C-alpha cells in the first residue's frame, strides 16, 4: 500500500527553485553586510565587484571556459536575448 507524501510536492521548478544550502551560505554575507553595487566606485562597490569577478572565474573554471566568456544576466529573457544575439553575430 502506498503512503501519503509528507508534504506538498513543488512542481514549478521552471519558474523558481529552492536555493541550495551551500549557495545560501556563500551568498549570506552579500545579502546581509556586503551588498554594494558592483558598478559603484565606493569601497562597498569595489568589494562587490571583486566578489563577482571571483565568482566569474570559479564558474569559468568549472566548465573549462575563460572568465571573459562568462556573462551574468538578470534573468531568463535577458539570457535568451544575449544567446540569440551571440549566435547571430
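Residue numbers (the working numbering): 5 to 93.
Every residue gets a Cβ at the ideal spot worked out from N, C-alpha and C, and that includes glycine.
It should be emphasised that the depicted structure is a prediction, and the values quoted were computed from it without experimental measurement.
* Check each candidate in 12, 13, 52, 31 and name the one with the smallest Cα separation from residue 41. => Nearest C-alpha to residue 41: 52.
* Do residue 64 and residue 74 have their CB atoms nearer than 7 Å? -> Their beta carbons are under 7 Å apart, which means residue 64 touches residue 74 by this criterion.
* Whether residue 71 touches residue 89 by CB criterion (7 Å) -> No, these two residues do not count as a Cβ contact at 7 Å.
* Tell me whether residue 57 sits in a helix, a strand or coil according to DSSP, three-state version. => In the structure shown, residue 57 sits in a helix (DSSP, three-state: H, G or I).
* To do: Grab the span of the alpha helix (DSSP H) containing residue 10 for me, first residue to last.
  => Counting along the chain, residue 10 falls outside any alpha helix (DSSP H), and DSSP gives it neither H nor E.
* To do: Return the Cβ separation of residue 55 and residue 34 in integer angstroms, given the expectation that the two are a contact with Cβ distance under 8 Å.
  => Contact flag correct, Cβ pair sits at about 6 Å.
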